[in-house]
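Okay, so here's the structure we're looking at.
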Amino acid sequence: MTDNTKQPNNNNDNLVPDPSILTDLEAHARSIASNLDMTLRDLRGSLHGMSDLTSESMQVFNNIVTSTCDQVDSAIRSTYAMLAKAEEFSESMNGMQNIFQQIKDVKQLLNDFELKLTSNIGQQK
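For the sequence shown, the working numbering assigns the number 15 to the initial residue and increments by one for each residue that follows.
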């Protein structure tokens with residue numbers, strides 16, 4: 015039994031870490047911390063670049079929407095102006111209907127006058 019009691023004491027003595035292992039472990043921890051720091055810097059730079067691109071894209075989108083709205087507004091104004099001109103033209107054409115009727119009446123009078131004139135000339139002979 016004395017051997018069993020000594021064995022745990024030997025295990026406790028073996029649990030003391032080797033100083034070179036601690037130094038290696040510390041070097042690896044520093045290396046990992048340095049790599050993590052560099053990765054976080056790269057990530058921050060990438061995120062900053064993505065934010066800049068997103069901001070520029072939103073500005074371009076805003077400019078496009080504003081320009082499109084301006085052009086649509088201009089097209090609507092032009093359409094209303096064209097409709098107003100078409101209405102004016104239509105109203106002026108109503109006056110043409112009266113003139114056409116007057117021309118028709120004058121033509122009928124001339125035809126009647128010509129008939130009377132030719133019938134009078136025929137009666138005089």
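A virtual CB, placed ideally from N, CA and C, is assigned to each residue, including glycine. Predicted model, so just to flag it, every value in this text is computed and none were measured.
Membership of V79 in the alpha helix (DSSP H) is indicated by the continuous run P33 to Q138. Cβ-Cβ distances below 7 Å link L50 to nothing in the same chain once the five nearest sequence neighbours on each side are left out. K130 and N108 have their C-alpha atoms spaced approximately 34 Å apart. S81 and I90 have their C-alpha atoms roughly 14 Å apart.
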